[in-house]
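One line per chain: the protein sequences are E, G and A, in this order. Using our numbering, the first residue of the first sequence is number 1, and each one after it goes up by one. Using our numbering, the first residue of the second sequence is number 1, and each one after it goes up by one. Using our numbering, the first residue of the third sequence is number 1, and each one after it goes up by one. Note that beta-carbon positions come from the ideal geometry of N, C-alpha and C, so glycine has one too. Nothing here was measured: the structure is a model prediction, and the numbers come from that model. Here is the structure we will look at, set down as structure tokens.
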Amino acid sequence: MTSASASELKPIPWKLHLSVLAVAIAFPFVFPSSFMVNFGVLALFYAFIGQSWNISGGFAGQLSFGHVAFFGVGAYASTIVQMRYGISPWLGLPIAGLAGAFVGGVIAVLSFRAGLKGSYFALITLAFAEVLRIVSNSIGITGGGLGLLIPMKIGAENLQFAERSGFYFLILVLAAGSVAVAEWMQRSRFGAQLAAIRENEDSAKALGINVFAEKVKVMLISGAIGGVGGCFFAQYFLYIDPLIAFGTDKSVEMLLVAMIGGAGTVYGPLVGSVLLALVSDVTRTLTQIQGLSLVLYGGLLVVIIAFLPNGLIDLFSRKRGGGKAGSKK
Amino acid sequence: MDANIIAAAAINGLLLGGIYTLVASGLTLIYGVLHIINFAHGSMLMLAMFGVYYLLTLLGIDPYLSMFIMVPAMFLLGYLLYKGLIGRLSSGKDENILLVTLGLSILIENLALMFFKGDSRTILVSYSDTMIEVGPAFVPLPKLISFAVAMALCAALGLFIQRTDTGRAIRAVAKERVGAQLVGIDVDRIFAISYGIGLATLGAAASLMMPIFYVSPTVGHVFVLVAFTVVVLGGMGSFLGAVVGGLIIGLTESFGGLFLGESMGQIGISLIFILILLFRPSGLFGAKT
Amino acid sequence: MNTTHPLSRRLILQAGAASAVLGAPGILLAQPKPVKVGLVHPVSGGLAYSGGQSRMGAQMAIDEINAAGGIKAMGGAKLEALLGDSQSRPEVGVSEVERMEQDGVAAYLGCFASSIALPATQAAAKYNTPFLIDVGASDLIVNRGLKNVFRLKPGFGKCVDDAIVALGDINKGAGGLAKTAVLVHEESEFGTGTAKLLAGKLPGINIQPLETIKHANPTRDFSNIALRIKGLKPDLVIMSNYQNEYVLLARTLAQQKVDVAAMFSVLGGGFNYKLVKEQPDVAHYMMDFNHWFNPKNAKAQALKKQVEAKGGLFTFEVYLSYNCIMLYADALQRAATADKEKVIAALASSTWMPEVMPYGPTKFVNGQNEGGRGALLQASKTDIDVVAPEQFASAKPVYPRPKM
Numbered sequence: 001m002t003s004a005s006a007s008e009l010k011p012i013p014w015k016l017h018l019s020v021l022a023v024a025i026a027f028p029f030v031f032p033s034s035f036m037v038n039f040g041v042l043a044l045f046y047a048f049i050g051q052s053w054n055i056s057g058g059f060a061g062q063l064s065f066g067h068v069a070f071f072g073v074g075a076y077a078s079t080i081v082q083m084r085y086g087i088s089p090w091l092g093l094p095i096a097g098l099a100g101a102f103v104g105g106v107i108a109v110l111s112f113r114a115g116l117k118g119s120y121f122a123l124i125t126l127a128f129a130e131v132l133r134i135v136s137n138s139i140g141i142t143g144g145g146l147g148l149l150i151p152m153k154i155g156a157e158n159l160q161f162a163e164r165s166g167f168y169f170l171i172l173v174l175a176a177g178s179v180a181v182a183e184w185m186q187r188s189r190f191g192a193q194l195a196a197i198r199e200n201e202d203s204a205k206a207l208g209i210n211v212f213a214e215k216v217k218v219m220l221i222s223g224a225i226g227g228v229g230g231c232f233f234a235q236y237f238l239y240i241d242p243l244i245a246f247g248t249d250k251s252v253e254m255l256l257v258a259m260i261g262g263a264g265t266v267y268g269p270l271v272g273s274v275l276l277a278l279v280s281d282v283t284r285t286l287t288q289i290q291g292l293s294l295v296l297y298g299g300l301l302v303v304i305i306a307f308l309p310n311g312l313i314d315l316f317s318r319k320r321g322g323g324k325a326g327s328k329k
Numbered sequence: 001m002d003a004n005i006i007a008a009a010a011i012n013g014l015l016l017g018g019i020y021t022l023v024a025s026g027l028t029l030i031y032g033v034l035h036i037i038n039f040a041h042g043s044m045l046m047l048a049m050f051g052v053y054y055l056l057t058l059l060g061i062d063p064y065l066s067m068f069i070m071v072p073a074m075f076l077l078g079y080l081l082y083k084g085l086i087g088r089l090s091s092g093k094d095e096n097i098l099l100v101t102l103g104l105s106i107l108i109e110n111l112a113l114m115f116f117k118g119d120s121r122t123i124l125v126s127y128s129d130t131m132i133e134v135g136p137a138f139v140p141l142p143k144l145i146s147f148a149v150a151m152a153l154c155a156a157l158g159l160f161i162q163r164t165d166t167g168r169a170i171r172a173v174a175k176e177r178v179g180a181q182l183v184g185i186d187v188d189r190i191f192a193i194s195y196g197i198g199l200a201t202l203g204a205a206a207s208l209m210m211p212i213f214y215v216s217p218t219v220g221h222v223f224v225l226v227a228f229t230v231v232v233l234g235g236m237g238s239f240l241g242a243v244v245g246g247l248i249i250g251l252t253e254s255f256g257g258l259f260l261g262e263s264m265g266q267i268g269i270s271l272i273f274i275l276i277l278l279f280r281p282s283g284l285f286g287a288k289t
Numbered sequence: 001m002n003t004t005h006p007l008s009r010r011l012i013l014q015a016g017a018a019s020a021v022l023g024a025p026g027i028l029l030a031q032p033k034p035v036k037v038g039l040v041h042p043v044s045g046g047l048a049y050s051g052g053q054s055r056m057g058a059q060m061a062i063d064e065i066n067a068a069g070g071i072k073a074m075g076g077a078k079l080e081a082l083l084g085d086s087q088s089r090p091e092v093g094v095s096e097v098e099r100m101e102q103d104g105v106a107a108y109l110g111c112f113a114s115s116i117a118l119p120a121t122q123a124a125a126k127y128n129t130p131f132l133i134d135v136g137a138s139d140l141i142v143n144r145g146l147k148n149v150f151r152l153k154p155g156f157g158k159c160v161d162d163a164i165v166a167l168g169d170i171n172k173g174a175g176g177l178a179k180t181a182v183l184v185h186e187e188s189e190f191g192t193g194t195a196k197l198l199a200g201k202l203p204g205i206n207i208q209p210l211e212t213i214k215h216a217n218p219t220r221d222f223s224n225i226a227l228r229i230k231g232l233k234p235d236l237v238i239m240s241n242y243q244n245e246y247v248l249l250a251r252t253l254a255q256q257k258v259d260v261a262a263m264f265s266v267l268g269g270g271f272n273y274k275l276v277k278e279q280p281d282v283a284h285y286m287m288d289f290n291h292w293f294n295p296k297n298a299k300a301q302a303l304k305k306q307v308e309a310k311g312g313l314f315t316f317e318v319y320l321s322y323n324c325i326m327l328y329a330d331a332l333q334r335a336a337t338a339d340k341e342k343v344i345a346a347l348a349s350s351t352w353m354p355e356v357m358p359y360g361p362t363k364f365v366n367g368q369n370e371g372g373r374g375a376l377l378q379a380s381k382t383d384i385d386v387v388a389p390e391q392f393a394s395a396k397p398v399y400p401r402p403k404m
């Protein structure tokens, strides 16, 4: 992903981080209705899993079409251990993270060992996600086609908050954490190495960077975040099945929010997620005619790409001297 | 297992593969030349299939005959889409074109929903259920026809690419864009032509598929993943690859279903996809990068 | 409380006098507020057709009630439809529920797919808003102990039981000629659940399930499954799948001349007028146990004409939604209020008789109506008939079907 603008962005000042955090914390108090809090939860949720995509796709330039694999694995991992072994869903969060990281590592090692890049890597991730979907549809432990319904036991200890705001603050903490990870990546040597890999892998190798190891590392982190997102989703909706867990919908969504917002930027996924959630909600009210809402949604996507090729972040970074969009062939 | 059943499964697989080949051939051309993964491919196939459906139900034109209308129509659509939209928005970044084709596919699918409504439709023509005996298998005539025509079209496309001036220009642009420009080839026009041909193949595929299949706004999804697998297996940019890849995938799906069950059997396609990418990413006949 | 507080009595008298002065209904001041019903259907995405049909059925019922003067016990209050689109995705369904709650909805109708119904009903449960399930096969929907959920149509457990009885009867009537069956089902909740239940109960009517074949959603080609079935030579093929695969499979079986006593389906997704219209030779003699209207009921026939006059098809989604609205209207009438708790109580104690269906009077147990039932259907080249139970039948069954 040649978001050259990203590498030329100066690191975000602490004041901006704190302001965004303050707005996010204030949100459910300013808009306490369940509808708005739900909106906030979903916006932050997609920002969170979008960040998972962004870390590997935006920062490291490893485009993926199968990121839902981490999400699904995390969702099933935490749900299965909860329902079969009575393990608390709070523990399910790190378990899901580990599961996601594991799958991320496996896919990374296999794919990067074989030297896959660009479209090839993107397509193989799609295939892995599809394999997971088919398998989860056929084996008993995942409930097969019937899916898994988490028994309703309202209580914070079961990660089933009585009020939506409970979920909101949880996902806020998670999203903030993912932003922190992204920020750390941007400022650290690791991030610089990833940027070098993103720009030109061969040059990076020539500079002495262990490209393979760094790419695997970034997929581990990305997978972990995706996995945690899966656990959260399962707890929020209390039902998963192979299509929900591994369907291409979420892969597309994760990719979209990051790219529309600005791939390779710390707040890209959040910006993209909020915008797309708004567009989706607004267009959905135009539902008298079947399909009209999504026509507008699709049209808007095309328009945004047309005018803001680097994503919405362009609106914010124009003044900061966004870089040229180079064409990598 | 009965040898007859295995033989019949092989025949069914090959016939199925013929369809996949045709759908994949457009995709592989578009990728080979424009280096874009055409996410809109599935929805374009759907549009073409609706075209065939309405040509039959409103004007009484036989689906096979409508091919002569659909192919040029889809070519024109592709050409104009490229010139008017995709080419303009590409501004050099591959990933953005991806998003454009993704946005396009959402747009088109839901426009179809708005205008054609969500129901699935099938057609019935006089030869829909004519069965032909092929070895141990009974095969519906339309399937045989689509196999034969798909192979013929791919051969024709291959010849076009090899022998004609435009074809040579296309190959030049696919291989070395800047160099092609330097020798005076209008690269943008070649891109538009390639995208047009890519969609034209879908016009043919639609004509061949309607007697066998069904059409609905979301029918594109049913073939997209398989088409990608064929392209990757055969090698991006290779027509021979699309043919061989399509047949292999058809056989895999057929035998996978036979031995693993039709649900789990689908895994064969994804596994092949993964294995090819891991061990031979350029595919069977693709150019080694 | 027998004594009315003097203050409120005065208010009542005043209000009565005021309305007498203001006169007949129709004057804006006396118009009661409309009762908002949220329709949460997948009108876009993969389930768009079914979502659209469900929405149409609900709107027909709402229009009919309003045209007849609204809910009399509530002063002629009209029903107002809040249109929603779950886009065939569970999380969007939940968002729609929240949005409509914000807009003051009094009840929900939805969701077609079980995977959407499960989280959507839960979201509504927080507000104790009654949720009427029009379509949604999974029994998980009603087994969670949520007080606000009401499913008028029978769940697939009941449908399978009734289907088994119907099949058993028809087989016995023909001398028990079918002894084996192959089950084919789609891979998600609906197909897997149905097939599992069927496989367990078939031996009880002396039919052995030889094999259960699961197929993917979507499946592009059924040639091999047809081959397998041919090799097994069962007396019956029993299918449970969605529209597209149902039609493809049926066509393939017909083309391959798979000779069976009957092609039977339980809750067959593609068994409808479209199949008869588009593929009459394939549809001919196929049997399905499904939700269906009562063909002997005049109102049902009138509704059918109404839908067909608009160029649509009278599919099960239409009348199942229609009935849910009528059920709700009846509850409103009996409760004389749209208050959620009172309506839930009215629904729970409802004995409403859905005249357009082959049902008995409504009786909800844990949110599931026990008075509902499906019917055994058979297609001819031009129409679909109910062949059992006898009191609703419009034709006699042809079993076994003639050899291909």
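Worksheet item: Which of helix, strand or coil does DSSP assign to residue 36 of chain A?
Response: Three-state DSSP puts residue 36 of chain A in a strand.
Worksheet item: Going straight from the alpha carbon of residue 308 of chain G to that of residue 195 of chain G, what length do you get?
Response: Missing from the structure shown is residue 308 of chain G; chain G here goes from 1 to 289 and no further.
Worksheet item: Who are the Cβ neighbours of residue 307 of chain A in its own chain at under 8 Å, not counting the five residues just before and after it?
Response: The residues are 56, 60, 313, 314, 318.
Discussion item. In the DSSP assignment, the alpha helix (DSSP H) including residue 94 of chain A goes from what residue to what residue?
Written reply: 90-102 is the extent of the alpha helix (DSSP H) around residue 94 of chain A.
Worksheet item: Is the segment 93-104 of chain A touching the segment 300-311 of chain E, taking contact as three or more C-beta pairs under 8 Å?
Response: In short, these stretches do not touch, since the Cβ pair count stays below three.
Discussion item. Which of the three DSSP states is assigned to residue 215 of chain A in this structure?
Written reply: Strand at residue 215 of chain A.
Fill in: Supposed close pair residue 150 of chain G, residue 208 of chain G - CB separation, criterion 8 Å
Contact check for residue 150 of chain G and residue 208 of chain G: beta-carbon distance about 7 Å, within the 8 Å limit, so the pair qualifies.
Worksheet entry | Residue range of the beta strand (DSSP E) that includes residue 84 of chain A | Here the beta strand (DSSP E) through residue 84 of chain A covers 79-85.
Practice prompt. Can you give me the start and stop residues for the alpha helix (DSSP H) that residue 133 of chain A sits inside?
Written response: Element bounds for residue 133 of chain A: not the alpha helix (DSSP H) but the beta strand (DSSP E), 131-133.
Practice prompt. Starting from the beta carbon of residue 244 of chain E, find every residue of chain A whose beta carbon is closer than 7 Å, and list them in chain order.
Written response: For the C-beta of residue 244 of chain E, the chain A residues within less than 7 Å are, from N- to C-terminus, 90, 115.
Worksheet item: Any residues in the segment 74-106 of chain A with a beta carbon nearer than 8 Å to a beta carbon of chain D? Which ones, in chain order?
Response: The displayed structure is made up of protein chains E, G and A, and chain D is not among them.
Worksheet item: Would you call the segment 256-272 of chain A and the segment 285-305 of chain A touching, i.e. three or more CB-CB distances under 8 Å?
Response: Yes, the segment 256-272 of chain A touches the segment 285-305 of chain A.
Item to complete: Report the rounded CA-to-CA distance for residue 357 of chain A versus residue 302 of chain E, giving the unit in angstroms.
Response: Those two C-alpha atoms are separated by around 48 Å.
Discussion item. Buried or exposed, going by whether 16 or more other CB atoms sit within 10 Å of the CB of residue 43 of chain E?
Written reply: That one is buried.
Discussion item. Does the segment 13-32 of chain E come into contact with the segment 232-240 of chain E, if we say contact requires no fewer than three beta-carbon pairs (one atom in each stretch) closer than 8 Å?
Written reply: Taking 8 Å as the limit for Cβ pairs, the verdict is that the segment 232-240 of chain E does not touch the segment 13-32 of chain E.
Item to complete: Determine whether the Cβ of residue 402 of chain A lies closer than 7 Å to any Cβ atom of chain G.
Response: At least 7 Å separates the CB of residue 402 of chain A from every CB of chain G.
Worksheet item: Nearest-angstrom Cα distance between residue 109 of chain E and residue 96 of chain E?
Response: Straight-line spacing of the CA atoms in residue 109 of chain E and residue 96 of chain E works out to 20 Å.
Item to complete: Determine, using beta carbons only, whether residue 232 of chain E and residue 41 of chain E come nearer to each other than 7 Å.
Response: No, the pair does not count as a contact, with Cβ atoms beyond the cut-off.
Worksheet item: Assuming residue 299 of chain E contacts residue 107 of chain G under a Cβ cut-off of 8 Å, what Cβ separation, rounded to an integer in Å, is found between them?
Response: About 5 Å; that satisfies the 8 Å criterion.
Worksheet item: If you follow the alpha helix (DSSP H) that residue 108 of chain A is part of, which residue opens it and which one closes it?
Response: Here residue 108 of chain A belongs to no alpha helix (DSSP H); instead the beta strand (DSSP E) covers 107-110.
Item to complete: Taking residue 393 of chain A as part of the alpha helix (DSSP H), name the residues at either end of that continuous run.
Response: Residue 393 of chain A -> no alpha helix (DSSP H), and no H or E assigned at all.
Worksheet entry | Neighbour-count burial assignment, residue 142 of chain E, 16 or more Cβ in a 10 Å radius | Its Cβ being crowded by 16 or more others within 10 Å, residue 142 of chain E is buried.
Fill in: Cross-chain neighbours of residue 191 of chain A in chain E, by beta carbon under 8 Å
Chain E residues near residue 191 of chain A: 145.
Worksheet item: Looking at chain G, which residues of the segment 302-317 of chain E have a Cβ within less than 7 Å of any of its Cβ atoms?
Response: Within the segment 302-317 of chain E, the residues whose Cβ lies closer than 7 Å to any Cβ of chain G are, in chain order, 302, 305, 306, 309.
Worksheet item: So is residue 195 of chain A in contact with chain E if we call contact Cβ pairs under 7 Å?
Response: Chain E, which has no Cβ nearer than 7 Å to the Cβ of residue 195 of chain A, makes this no.
Worksheet entry | Proximity below 7 Å, CB of residue 20 of chain G to CB of residue 246 of chain G | Cβ atoms of residue 20 of chain G and residue 246 of chain G: closer than 7 Å.
Worksheet item: Between residue 272 of chain G and chain A, is there a C-beta pair that is closer than 7 Å?
Response: Between residue 272 of chain G and chain A, the shortest Cβ-Cβ separation is not below 7 Å.
Discussion item. Against chain A, which members of the segment 3-32 of chain G pass a CB distance test of less than 7 Å?
Written reply: Flagged, chain order: 5, 8, 9, 12, 16.
Worksheet item: Is the Cβ of residue 288 of chain E closer than 7 Å to any Cβ of chain G?
Response: Residue 288 of chain E is outside the set of residues whose beta carbon lies under 7 Å from a beta carbon in chain G.
Worksheet entry | Three-pair Cβ contact test at 8 Å for the segment 253-269 of chain G versus the segment 31-45 of chain G | By the C-beta criterion, the segment 253-269 of chain G is judged not to be in contact with the segment 31-45 of chain G, since fewer than 3 inter-stretch pairs fall below 8 Å.
Worksheet item: Would you report the Cα separation of residue 12 of chain A and residue 75 of chain A, rounded to the nearest angstrom?
Response: With a pLDDT of only 48 at residue 12 of chain A, under the threshold of 50, the placement of this residue in the model should not be trusted, and no figure is reported.
Fill in: Inter-stretch contact at 8 Å, needing at least 3 Cβ pairs: the segment 160-178 of chain A / the segment 369-376 of chain A
At 8 Å Cβ cutoff, the stretches touch.
Worksheet item: Name the chain A residues whose beta carbon is nearer than 8 Å to that of residue 278 of chain E?
Response: Chain order gives no chain A residues near residue 278 of chain E, where near means a beta carbon separation below 8 Å; the closest approach is about 12 Å.
Practice prompt. Closer than 8 Å by C-beta to residue 48 of chain A: which residues in its own chain qualify, once you throw out the five before and the five after it? Chain order, please.
Written response: The answer, listed in chain order, is 42, 88.
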